[in-house]
Amino acid sequence: MHNAGSVLYAKELLKPALPAKEREIIQQSEAELLVPIRTTEEFFGIILLGKTISGEDYTIEDLEFLKIIGEIAGSVYKRIYDTELLHQENQNLKETVRANELIISLARDFSSVRSMDEAYDKLFSAFREELKVRRATFMILENKNEFRVFASNLLTPEHVGSFRLSLESSIVGIVSNIPGVFRIENFRKHPELVQKLSNDELGLMTDFIVIPLINLHWLVGMWIVHETEVPWTDSDRETAVGISEVLAPVFSNLLLVQERDSVFKDPFSPVEEKIEEMILKSTRLGNCFSLTIFKIQNISRMVKLKGSGFFVNYSEELRKAIQDNLSEVDFHYRIGQGKYAMILDGKDREETQVLIRKIKNRLVEVDRRSKDFQTSVVQHTLCYPADTKEKERILELLEES
Numbered sequence: 001m002h003n004a005g006s007v008l009y010a011k012e013l014l015k016p017a018l019p020a021k022e023r024e025i026i027q028q029s030e031a032e033l034l035v036p037i038r039t040t041e042e043f044f045g046i047i048l049l050g051k052t053i054s055g056e057d058y059t060i061e062d063l064e065f066l067k068i069i070g071e072i073a074g075s076v077y078k079r080i081y082d083t084e085l086l087h088q089e090n091q092n093l094k095e096t097v098r099a100n101e102l103i104i105s106l107a108r109d110f111s112s113v114r115s116m117d118e119a120y121d122k123l124f125s126a127f128r129e130e131l132k133v134r135r136a137t138f139m140i141l142e143n144k145n146e147f148r149v150f151a152s153n154l155l156t157p158e159h160v161g162s163f164r165l166s167l168e169s170s171i172v173g174i175v176s177n178i179p180g181v182f183r184i185e186n187f188r189k190h191p192e193l194v195q196k197l198s199n200d201e202l203g204l205m206t207d208f209i210v211i212p213l214i215n216l217h218w219l220v221g222m223w224i225v226h227e228t229e230v231p232w233t234d235s236d237r238e239t240a241v242g243i244s245e246v247l248a249p250v251f252s253n254l255l256l257v258q259e260r261d262s263v264f265k266d267p268f269s270p271v272e273e274k275i276e277e278m279i280l281k282s283t284r285l286g287n288c289f290s291l292t293i294f295k296i297q298n299i300s301r302m303v304k305l306k307g308s309g310f311f312v313n314y315s316e317e318l319r320k321a322i323q324d325n326l327s328e329v330d331f332h333y334r335i336g337q338g339k340y341a342m343i344l345d346g347k348d349r350e351e352t353q354v355l356i357r358k359i360k361n362r363l364v365e366v367d368r369r370s371k372d373f374q375t376s377v378v379q380h381t382l383c384y385p386a387d388t389k390e391k392e393r394i395l396e397l398l399e400e401s
């Protein structure tokens with residue numbers, strides 16, 4: 001019928017081997033004629049006609065008239081179809097414009113955000129108001145190379161503190177490569193979730209939809225949707241991805257700022273106190289000490305080309321190389337993304353350079369394994385009192401490097 005240019009007799013169609021369903025339709029309807037509803041280029045449907053009321057056969061004039069009726073009906077359907085298509089395109093354009101306006105507004109709004117708490121509040125508000133999210137969990141990357149719960153309006157306080165996903169997690173593996181909306185199928189039986197969450201919590205979840213926040217191939221966080229007021233459309237999913245792409249750099253910068261600030265605020269990384277202690281000790285005993293900053297170069301490009309896992313492993317190799325070459329009176333601290341401070345007690349510049357060469361030699365084998373990317377570590381050293389006697393100058397090195 002799709003290619004038929006005129007009215008067809010039903011009995012003629014029954015002669016070849018028709019599919020059972022189509023044969024049943026013709027037989028049950030007792031159709032005599034099949035009139036295609038079409039234009040010259042498109043096919044819309046079929047009119048099935050039974051016998052005439054008088055019982056007489058259809059004439060040639062009847063067939064010509066029915067053909068014209070089919071063509072008129074086809075042109076009407078074509079206009080309706082084109083109108084509906086235009087309406088749908090206009091609707092899609094309106095939704096796209098609205099989504100883009102929302103994303104631009106969020107980008108402008110987030111430009112003034114300076115704290116993780118404020119960023120989370122705005123993130124949750126956007127998803128609640130625009131995408132009708134009722135329950136969700138936000139996970140953020142932590143220094144220990146795992147994702148922890150930053151906030152949730154579903155998990156119990158106990159699991160907010162204990163629920164974590166490592167970089168090796170299968171869930172992290174699914175979502176870590178490209179921005180998108182990832183629905184974890186059969187999540188109530190997922191081994192990691194069953195092990196780490198209670199049955200009550202899993203029962204309250206109607207879904208487990210993960211929206212990764214990826215900045216330069218670096219997964220910095222995950223927005224996990226557990227329940228929405230209405231099912232998401234394709235447009236909603238595109239909006240969710242757009243929001244994640246715009247906000248990922250914001251959360252990435254906030255993480256870096258937190259990490260930098262922790263150098264002086266984290267009691268487990270008391271760099272400033274240790275430097276003050278070393279200055280007092282050197283003044284009292286008349287000896288020296290050195291501070292060396294090691295910094296991995298081109299981190300953004302490394303993560304983009306090799307992935308976050310490569311960067312994490314390379315950072316760990318650098319940390320081990322430093323730690324394995326220190327004596328009992330020396331110290332080292334992680335002070336930022338791919339950045340380490342080493343304090344050597346009683347060592348001058350020459351002795352410090354010997355140790356630096358040993359550390360960098362340890363990294364040579366790691367560098368050789370990376371054939372398609374040239375890894376690089378730079379270092380800066382200040383010796384007390386040979387280079388400076390001012391604590392402020394030493395602390396400046398921490399911030400400048």
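Take 1 as the starting number for the sequence shown in full-length UniProt numbering and just add one per residue.
All C-beta atoms, glycine included, are put in the ideal place defined by N, C-alpha and C.
Margin query: Across the stretch 292–300 and the stretch 338–349, are there enough close Cβ pairs to call them in contact, namely three or more that are closer than 8 Å?
Written below: yes
Notebook entry, point to check: Would you call the CB atoms of residue 135 and residue 123 closer than 8 Å?
Noted result: no
Check: DSSP puts residue 215 in a beta bridge; with which residues?
Finding: 218
Next item on the list: Measure from the alpha carbon of residue 96 to the alpha carbon of each residue in 254, 241, 39 and 315, then state which is nearest.
Entry: 241
Note to self: Can you look up residue 25 in the DSSP assignment and give me helix, strand or coil?
What the structure shows: helix
Notebook entry, point to check: For the putative contact between residue 251 and residue 221, defined by C-beta atoms under 8 Å, what is the C-beta separation to the nearest angstrom?
Noted result: 5 Å
Check: Is it true that the stretch 389–399 meets the stretch 270–277, where meeting means three or more beta-carbon pairs spaced less than 8 Å apart?
Finding: yes
Note to self: With H, G and I counted as helix, E and B as strand and the rest as coil, what does DSSP make of residue 77?
What the structure shows: helix
Next item on the list: Kindly confirm or deny that the stretch 208–225 and the stretch 166–176 touch, where touching means at least three C-beta pairs closer than 8 Å.
Entry: yes
Note to self: For the stretch 98–118 against the stretch 57–65, do three or more pairs of beta-carbon atoms, one drawn from each stretch, fall closer than 8 Å, so that the two count as touching?
What the structure shows: no
Next item on the list: State buried or exposed for residue 301, treating a residue as buried only when at least 16 other CB atoms are found within 10 Å of its CB.
Entry: exposed
Next item on the list: Please list, in chain order, all residues of the same chain as residue 63 whose beta carbon is under 8 Å from its beta carbon, the five residues on each side excluded.
Entry: 6, 7 and 33
Check: Which of the three DSSP states, helix, strand or coil, is assigned to residue 341?
Finding: strand
Item checked: alpha helix (DSSP H) segment containing residue 36, residue limits -> Here residue 36 belongs to no alpha helix (DSSP H); instead the beta strand (DSSP E) covers 33–38.
Check: According to DSSP, is residue 332 helix, strand or coil?
Finding: strand
Notebook entry, point to check: Just reading off the alpha helix (DSSP H) that residue 173 is part of, what are its end residues?
Noted result: 170–175
Margin query: Going by beta-carbon coordinates alone, are residue 39 and residue 78 separated by less than 8 Å?
Written below: yes
Check: Taking all protein chains shown into account, do 16 or more other C-beta atoms lie within 10 angstroms of the C-beta of residue 140, making it buried, or fewer, making it exposed?
Finding: buried
Margin query: Suppose the cutoff is 6 Å on Cβ atoms and the five residues either side in sequence are ignored; what does the same chain contact list for residue 230 look like?
Written below: 132
Check: In chain order, what residues of the same chain have a beta carbon less than 6 Å from the beta carbon of residue 9, not counting five sequence neighbours either side?
Finding: none
Notebook entry, point to check: Buried or exposed: which applies to residue 150, given that a residue is buried once 16 or more other Cβ atoms fall within 10 Å of its Cβ?
Noted result: buried
Next item on the list: Taking residue 213 and residue 176 to be in contact with their CB atoms under 8 Å, please state how far apart those CB atoms are, rounded to whole angstroms.
Entry: That belief does not hold up - the Cβ atoms of residue 213 and residue 176 are roughly 11 Å apart, past 8 Å.
Next item on the list: Would you tell me roughly how many angstroms separate the C-alpha atoms of residue 201 and residue 189, rounded to the nearest one?
Entry: 13 Å
Item checked: Within 8 Å, strictly: CB atoms of residue 13 and residue 25 -> no
Note to self: Please state whether the Cβ-Cβ distance between residue 360 and residue 377 is less than 8 Å.
What the structure shows: yes
Next item on the list: Could you check how far apart the C-beta atoms of residue 247 and residue 303 are, in whole angstroms? I think they sit under 8 Å.
Entry: With a Cβ gap of about 18 Å, residue 247 and residue 303 do not count as contacting.
Notebook entry, point to check: Out of curiosity, what's the CA-to-CA distance linking residue 334 and residue 375?
Noted result: 19 Å
Check: Residue range of the beta strand (DSSP E) that residue 56 falls in?
Finding: That residue, residue 56, is in no beta strand (DSSP E); it is neither H nor E in DSSP.
Next item on the list: Note down, one range per segment and in chain order, each alpha helix (DSSP H) of at least 4 residues found wholly within the stretch 81–152.
Entry: 116–131
Next item on the list: Less than 8 Å between the CB atoms is what I'm expecting for residue 321 and residue 349, so what's the real figure, rounded?
Entry: At roughly 20 Å, the Cβ-Cβ gap does not stay under 8 Å, so residue 321 and residue 349 are not in contact.
Notebook entry, point to check: Alpha carbon to alpha carbon, what distance is there between residue 179 and residue 325?
Noted result: 41 Å
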